[in-house]
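Reviewing the structure listed below.
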Amino acid sequence: MTTIRPFTCDDLFTFNNVNLDPLTETYGLPFYLQYLAHWPEYFQAAESPSGEIMGYIMGKAEGPADNWHGHVTALTVAPEYRRLGLAAKLMSSLEDISEKKKCYFVDLFVRVSNRVAVDMYKRLGYIVYRRVLEYYSGDVDEDAFDMRKALSHDTEKKSIVPFTRDVRPEELE
Amino acid sequence: MYENAYKKKPDSEEILNALFMAYVRIGNYKKQQQVAMALHKLRPQKNPYYFWAVMSIVMQAYENENLANSMFLPLAGKMVEKFINEGRLEAEAEVRIYLIILQSMAKFEEALKVLKGPLSEKLVSEPDFPSFLEVELLTKLELWTTVNTAYKRLIESNPDSWQCYKEYLRSSFILIDAHSNAEEGVVNCSDTAADDTVERVVEFLSTMVRRDRDSRESATPPQLPYPIRGPYLGRLELLRILKDRNDVNWNKVLGNPLELICQYYDQFGDKPCCFSDLQLYAALLSESEKQQMITELLAKLGIQSQDGQIVMATDIKVIQRHILLIQLSRYYGFHRQMETDKCLSLAEELLRRYTDGLKFGESLTSTDQQYVDSYMLLLIHLLHDVAVSTKNDQYIWHALVLLEMSLTKSPTNSQLKLLAIQLYAQIGAFMPCYNLYESLEIKHIQHDTLGYVVCNHVLRLGHLSVAHTIFDNTLRFFASVHKDTSDYLISCYKYGSFPKVQEFVQFRHRLQNSLQFAICTAEKLLLDIISNASSHQMTVDIINGMDIDPMTEQTDFKSLCDNRDDSIVFSCEPNKVVDKKELKQKSFLEEKAWLHIRNLTARCLVTAVRLGSPLAGGTTAPESAAIRNGSDAKTVKLRDVLVRLRGELAQCLTDSRQLNKAQMTNDLCLDLYRTRLSAFMRLDLGDRFLIVLDLLLSSELHQNSQQDGQKAASISFSPAQKPAKSLSSLTQENRKPMVMVCGGEERRQIVVEMLENSVLLAEHISQVTIVLGACHEILKPIKASLNKKGKKKKEMDPVMVSVFESYDSFLSETLSAVADLQEAFSEPLTGDNLAFQLDALKIENSNLLFQHVDDTLESSIRKKVTASYQTTAAEIKTLLDRKLRYLENLKF
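Chains as they are written, first to last, in the numbering used here: chain A, 53 to 225; chain B, 80 to 971.
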């Protein structure tokens, strides 16, 4: 049982039960405000009956010409609200918006070690488009999968023909 | 700057753009509007400029409620309508702003027309937005039948949307009430599709439940992999409403409530969220039904003890259900009624299950939580209950050992960490708290919302250098708030995200008026004033280096916002025991009172130092004549300021005394820790500070009269009463061991009070020292001139004699308090002594809980705690050493 609604500034005061998760990064204010100002429709929160934030998704639409696509910047669900299909619901709402914006595909980056997430995205129809080497910096740098799902505007499904080689983060446009 | 550039080149789009942004930064909406119109005139084909002007007018409406409806909103509305009529409306943002205006003016019907009309085609970016706005508008118009059917449709297409159920039920009951109020025959809407009777609501919800079951049972593969909670929670919500309305049939319309709840458990009991769902509906069951439910469901799980042997769960779903039942029984208050033995044996059982259940998590990664961590949380709470009821801190010690053990299995579980922070704080060991806090990677806005987790402990336990770090980190975040929010406020205009404009402005307001921000500012100031100085000249230099106006209060107490996020700690504490909302309210009041005292204390100190050294920062020629000449206007004024502040502080103390009576208790589930107000009051430190301020004021008064050859004017305030206990006796009383053995050999108590009092006393002594320093500055020339005149003391004004006498006695009392405190502190906190005391916290008991405790783990905890206590001691010692040198120089 969930209320999906636009993420607001005030949610930044109460999203801690989600963000205390070790894999969820807390960014500086400019990061969130940039998304809220530029792509407010792409930033959504799921709220529980008791008024708690269960999770949220933030994303954007970008790219030139046939690279025009929706991008998932962050997707996270608090531990106690996992295995309820919430992430899938948030993803599908982002895909809907991207469809309306006539995007060709939706893409996202995920840690290669995050099996649960990678498997979930696969179930939702995403494929591994390419591997980005040492995308995540940390004590030990980690690679990312660049995963994609084609939308209806990409009639020939050109966007999801896997890239032939691994890339470095600096090669990303 | 841009204004000048504009005057030179009034036709530059670029400059005007920059000028507009500059006004956005400072929030001058009127000017924004003018510049936007100038831009529009310059580039009439660019719609955004026109709508920048419209939005600027809307913001003026928000700012000025009086003129909002009579002037600003109608003007903004007309401007948009002009464009609509001319067919010049282009973007979605422009429609959105029109909707905002119409809603602000309560023109809901017009807004509905927009949604139904051609303009709605532009609303594409949020697919759900139009339909949700539509029902919202219908609700505003109180068209309940339409609202009701609209929400029914929304539920049908979105059966898991909580908001829809809530609104659906609300509108249904409004219709039901309308029916019963109206005379029969007058209202006739039974032929509509709206649900205007309880029966129809029941029917609708049952249909939704059936649909969910069918979709999973008949369809292969099931359409939805997860059962949705919506329809089931919807039914429970209906019962809750009926019960609240005292409906006689509330427990009949849907069958037995107990059964419904058990059904819910059957379906969702293996989900961690089930606890927070059922928590909402605890009131649907009577006490005996709750008992019955827990007993029956536990039996059904089939993992209860048989012949004294615990039957272990065979998979994690069973574990999750079991955890839920224990959580619920805690929430229902059953744990609070248990005897110590029962508590301990339940805790032991949970520990066994925890240990056994770790096997299910062997393949988890280090960033995952163990499936059985909730057992640990529950058993720690049980141990804490026992510690409280038996007044024996040995249980807390053991809880810490177990928690640290579980953190080795689940190194990123924030709940375990938060609980450990609370326990370490309870036994007065701040260093481990801080390390755990750091490991949570608190940053950016979390400094505001979560800083409280350590903020009240760091000073309470005297870790002054870490306090500096915490305050600096926090203040660094707040320093960039204005810039960060302004930058993106500008973006809102650029990207046409008009609904966000007001939201960003309110957000900025909330941050700028944050309680945490105010606390850190005040505490850092006080710390800067008292920490480093070992002579009065140093204090004078420090104060002169600060840009502070003691005349004005920095905190706007009326606008203060409590941004602390107290929802982070998962809690199963019964509502009867802990009403979190009420406690937060109470804590906020206490924080404000304490903050007020702290702000006033800092302002008094700054004023006192300036009063003592009116020429400080200028030349260093303290000739009495020079002081006199330079003084007149400024000193008199400073004196008035100090008298006023002294009065405010006295009033504030009186108010706080009232508040203090309703002081906060600290329950484990609550991490909004009390402030230091209660201890401060108990030691009468406020009154003691007032007395030394009085001494300064009378010195200053008589200095003037002495020099002007006039009689001293009467003191313009009533002097503070001297507290019954002397400072020395307080420091003497505070001489206690760190761990006390009580009740024969039965219990141990960690005397955290000793640390806390010592810190407060040391802080107080530092403040008194500074005021005495200011007195000394004033009295020095008088003393010098007296000495010059030779030994004609008898001619001295008797009042002046008494001033000198009280100065001397104050000085010697403070000096001996420093010595006492140093001594009282040093002995119990030496290495060997402490290790011996902490060793006594081990429990010898046959219960499994206290056996098999890893000795290396325990000794590492003991080391951490010892180091932390000793840091407190060392920091306080350094502070007092400095003040000792300071005070020595203040002797005549």
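Using N, Cα and C, we set each Cβ at its ideal position, and we do this for glycine too. From a predicted model like this one, the values you see are computed outputs, not experimental measurements.
CB of residue i within 8 Å of CB of residue j, strictly
i: residue 827 (chain B); j: residue 473 (chain B); result: yes
i: residue 647 (chain B); j: residue 732 (chain B); result: no
i: residue 508 (chain B); j: residue 808 (chain B); result: no
i: residue 410 (chain B); j: residue 653 (chain B); result: yes
i: residue 130 (chain B); j: residue 114 (chain B); result: no
i: residue 437 (chain B); j: residue 488 (chain B); result: yes
i: residue 677 (chain B); j: residue 640 (chain B); result: no
i: residue 855 (chain B); j: residue 764 (chain B); result: no
i: residue 136 (chain A); j: residue 352 (chain B); result: yes
i: residue 858 (chain B); j: residue 886 (chain B); result: yes
i: residue 560 (chain B); j: residue 595 (chain B); result: no
i: residue 545 (chain B); j: residue 513 (chain B); result: yes
i: residue 772 (chain B); j: residue 951 (chain B); result: no
i: residue 182 (chain A); j: residue 195 (chain A); result: no
i: residue 896 (chain B); j: residue 762 (chain B); result: no
i: residue 339 (chain B); j: residue 364 (chain B); result: no
Residues bridged to residue i (per DSSP)
i: residue 760 (chain B); result: Its beta-bridge partners do not exist; DSSP assigns none.
i: residue 54 (chain A); result: B:240
i: residue 640 (chain B); result: B:593
i: residue 182 (chain A); result: A:198
i: residue 821 (chain B); result: B:826
i: residue 618 (chain B); result: In the DSSP output, where bridge partners are listed per residue, residue 618 (chain B) has none listed.
i: residue 123 (chain A); result: A:112, A:159
i: residue 99 (chain A); result: A:55, A:105
is_contact[residue i, chain A] using C-beta, thresh 8 Å
i: residue 642 (chain B); result: yes
i: residue 156 (chain B); result: no
i: residue 99 (chain B); result: no
i: residue 487 (chain B); result: no
i: residue 301 (chain B); result: Here residue 301 (chain B) scores only 49 on pLDDT, less than 50, and its place in the model should not be relied on; the value that follows carries that caveat. No, no contact with chain A.
i: residue 439 (chain B); result: no
i: residue 647 (chain B); result: yes
i: residue 235 (chain B); result: no
i: residue 525 (chain B); result: yes
i: residue 574 (chain B); result: yes
i: residue 660 (chain B); result: no
Supposed close pair residue i, residue j - CB separation, criterion 8 Å
i: residue 668 (chain B); j: residue 738 (chain B); result: 6 Å
i: residue 139 (chain B); j: residue 186 (chain B); result: Wrong, their Cβ atoms sit about 19 Å apart, outside the cutoff.
i: residue 499 (chain B); j: residue 519 (chain B); result: 11 Å between Cβ atoms; not a contact.
i: residue 203 (chain B); j: residue 171 (chain B); result: 6 Å
i: residue 97 (chain A); j: residue 57 (chain A); result: 6 Å
i: residue 404 (chain B); j: residue 373 (chain B); result: 6 Å
i: residue 205 (chain A); j: residue 152 (chain A); result: That pair is no contact at about 11 Å.
i: residue 102 (chain B); j: residue 94 (chain B); result: With a Cβ gap of about 13 Å, residue 102 (chain B) and residue 94 (chain B) do not count as contacting.
Any chain B beta carbon closer than 8 Å to residue i
i: residue 220 (chain A); result: no
i: residue 110 (chain A); result: no
i: residue 55 (chain A); result: yes
i: residue 214 (chain A); result: no
i: residue 104 (chain A); result: yes
i: residue 197 (chain A); result: no
i: residue 133 (chain A); result: yes
i: residue 65 (chain A); result: yes
i: residue 123 (chain A); result: no
i: residue 89 (chain A); result: yes
i: residue 68 (chain A); result: yes
i: residue 207 (chain A); result: no
i: residue 107 (chain A); result: no
Nearest residue (CA-CA) to residue i, options the options
i: residue 863 (chain B); options: B:212, B:971, B:127, B:719; result: B:971
i: residue 633 (chain B); options: B:468, B:241, B:681, B:642; result: B:681
i: residue 189 (chain A); options: A:204, A:207, A:221; result: A:221
i: residue 71 (chain A); options: B:884, B:492, B:937, B:199; result: B:492
i: residue 101 (chain A); options: A:61, A:82, A:133; result: A:133
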